[in-house]
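What follows is one structure encoded as structure tokens, with my remarks underneath.
Numbering (our numbering), first residue to last: 63 to 272.
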């Protein structure tokens, strides 16, 4: 019984992984039980029995993307000291993920924001929760950088968060659509410029990206 359950869980993981690749490249609306089954060489009923409806599959994909984003970016960044070191780590790890993953496969957060911008419903809510959770973490980290004395007390925290987040929208367009191999490098330079304008103690040295 345990072996059967283990195989079923592995199959479900393979289904979600395949669906995640499809959604990143073609959008969440591209997902169908039939197409996922076809790509995996499974029956529709086999896929349905493990993930349920099409909407449940889409929700599972969003949740898995959110989990991977968390593991790749936030979890390791939280090991850094509070303030600017942690903020730098978040941006650095996000850039690394874009280089390794999103530049090839696409970003569900970015694409989903346009795909579901005018569609109310549970999928939009799930995407919105992930994006807002990311923004809240970024805001908290910037605020801690102010509190730690790394950034000036008068720093407009919400404006800085908006501009950092906007860098990654531009990065995704340049990396995916324009296919600019220097997109990540340009994004880091833009981030450096933003931070330099807010530093409590002006510094000439470049921020460490690696």
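Think of the CB as a built atom: it goes at the ideal place given N, C-alpha and C, for glycine as much as any other residue. None of the values given here were measured: they were computed from a predicted structure.
Around the Cβ of residue 185, are there at least 16 other Cβ atoms within 10 angstroms (buried) or fewer (exposed)?
Flag for residue 185 reads buried.
Taking its Cβ as the centre, do 16 or more other Cβ atoms sit within 10 Å of residue 203, making it buried, or is it exposed?
By the 10 Å Cβ count, residue 203 comes out buried.
To the nearest angstrom, how far is it from the Cα of residue 120 to the Cα of residue 214?
One Cα belongs to residue 120, the other to residue 214, and the distance between them is close to 42 angstroms.
When you compare each of 173, 123, 77 and 112 to residue 102 by their alpha carbons, which one comes out closest?
When only C-alpha atoms are compared, the closest one is 77.
Sequence-distant residues of its chain with Cβ nearer than 7 angstroms to residue 81 (five each side left out):
Cβ neighbours of residue 81 beyond the five flanking positions: 93, 98, 119 and 123.
Using the rule of at least 16 other Cβ atoms within 10 Å of the residue's Cβ for burial, across every protein chain shown, is residue 140 buried or exposed?
When all chains shown are included, residue 140 counts as exposed.
Any 3 or more C-beta pairs closer than 8 angstroms across the stretch 152-165 and the stretch 228-242
Judged by Cβ distances under 8 angstroms, the stretch 152-165 makes contact with the stretch 228-242, as three or more pairs qualify.
Is the CB-CB distance between residue 112 and residue 74 below 7 angstroms?
Yes, Cβ-Cβ distance for residue 112 and residue 74 is below 7 angstroms.
Between residue 146 and residue 207, is the Cβ-Cβ spacing less than 7 angstroms?
Yes, the Cβ-Cβ distance between residue 146 and residue 207 is below 7 angstroms.
Are at least three pairs of beta-carbons, each pair with one atom in the stretch 124-137 and one in the stretch 173-189, less than 8 angstroms apart?
Judged by Cβ distances under 8 angstroms, the stretch 124-137 makes contact with the stretch 173-189, as three or more pairs qualify.
Delimiting residues of the alpha helix (DSSP H) encompassing residue 194:
From DSSP, the alpha helix (DSSP H) with residue 194 extends over 184-209.
Residue 153: buried (16+ other C-beta within 10 angstroms of its C-beta) or exposed?
Here residue 153 is buried, its C-beta having at least 16 other C-beta atoms within 10 Å.
Who does residue 213 pair with in a DSSP beta bridge?
Residue 213 is bridged by DSSP to 261.
Determine the direct distance from the alpha carbon of residue 178 to that of residue 192, and round the result to whole angstroms.
Looking at the two C-alpha atoms, the distance is approximately 13 angstroms.
My output table needs one value for residue 172: the three-state DSSP class, helix, strand or coil.
Of the three classes helix, strand and coil, the one that applies to residue 172 here is helix, per DSSP.
Looking at residue 210: is its Cβ nearer than 7 angstroms to the Cβ of residue 144?
Yes. Within cutoff.
Applying the 10 Å Cβ sphere with the 16-neighbour rule, what's the burial state of residue 259?
Here residue 259 is exposed, its C-beta having fewer than 16 other C-beta atoms within 10 Å.
So the alpha helix (DSSP H) residue 120 belongs to, where does it begin and stop?
From DSSP, the alpha helix (DSSP H) with residue 120 extends over 116-131.
Residues in the same chain with beta-carbon distance under 8 angstroms from residue 189, minus the five sequence neighbours each way, listed in chain order, please.
Result list for residue 189: 124, 170, 171, 174, 175 and 178, in chain order.
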